[in-house]
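J.:
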Amino acid sequence: MTLYDNIKTLRENLKMSQDELAKKVGYKDRTSIAKIESGKVDLSQSKIFAFAKALNTTPEELMGLKYYEDREVSEYAQAVKDNPNLRLLFDASKNMSKDDIEFVINTIEMLKKREGK
Numbered sequence: 001m002t003l004y005d006n007i008k009t010l011r012e013n014l015k016m017s018q019d020e021l022a023k024k025v026g027y028k029d030r031t032s033i034a035k036i037e038s039g040k041v042d043l044s045q046s047k048i049f050a051f052a053k054a055l056n057t058t059p060e061e062l063m064g065l066k067y068y069e070d071r072e073v074s075e076y077a078q079a080v081k082d083n084p085n086l087r088l089l090f091d092a093s094k095n096m097s098k099d100d101i102e103f104v105i106n107t108i109e110m111l112k113k114r115e116g117k
């Protein structure tokens, strides 16, 4: 799907009218939204961000650039990418047996309980 298809689909999924979306992103009325949804008008980067915010999504997802369909999985992947310690833990677990992974999980749970987390 294109950016314009995604805008329309997300708006409809949120049961939002074109007028409501227009007001949220700074247009006077639904005319501009209708043109955008039909692909007749290109959007600036700032407008893409405004649409993403109004439609409760990210600019990447709005543009169809999401790598993962599942938002939770995407958040985990981003956390592993951003945090060297999580990446190290993930890499170390790749070659572990199921029993070893369960042992590590149990150890982490015990540490969390001990620290009150």
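First residue of the sequence shown: 1, per my numbering; consecutive thereafter.
The beta-carbon is built from N, C-alpha and C at its ideal position, and this holds for glycine as well.
Whole angstroms is fine: what's the gap from Arg-114's alpha carbon to Asp-100's?
T.: The alpha-carbon atoms of Arg-114 and Asp-100 are separated by roughly 21 Å.
J.: For Ile-48, I'd like the list of residues in its chain whose CB is within less than 6 Å of its CB, leaving aside the five on either flank, ordered along the chain.
T.: Answer for Ile-48: Pro-59, listed in chain order.
J.: Distance, Cα to Cα, Ala-77 vs Ala-92?
T.: The straight-line gap from Cα to Cα measures roughly 16 Å.
J.: Would you call the CB atoms of Val-80 and Arg-71 closer than 8 Å?
T.: In this structure, Arg-71 does not lie closer than 8 Å to Val-80 by Cβ.
J.: Cα separation between Lys-40 and Pro-84?
T.: Going by the C-alpha atoms only, they are around 44 Å apart.
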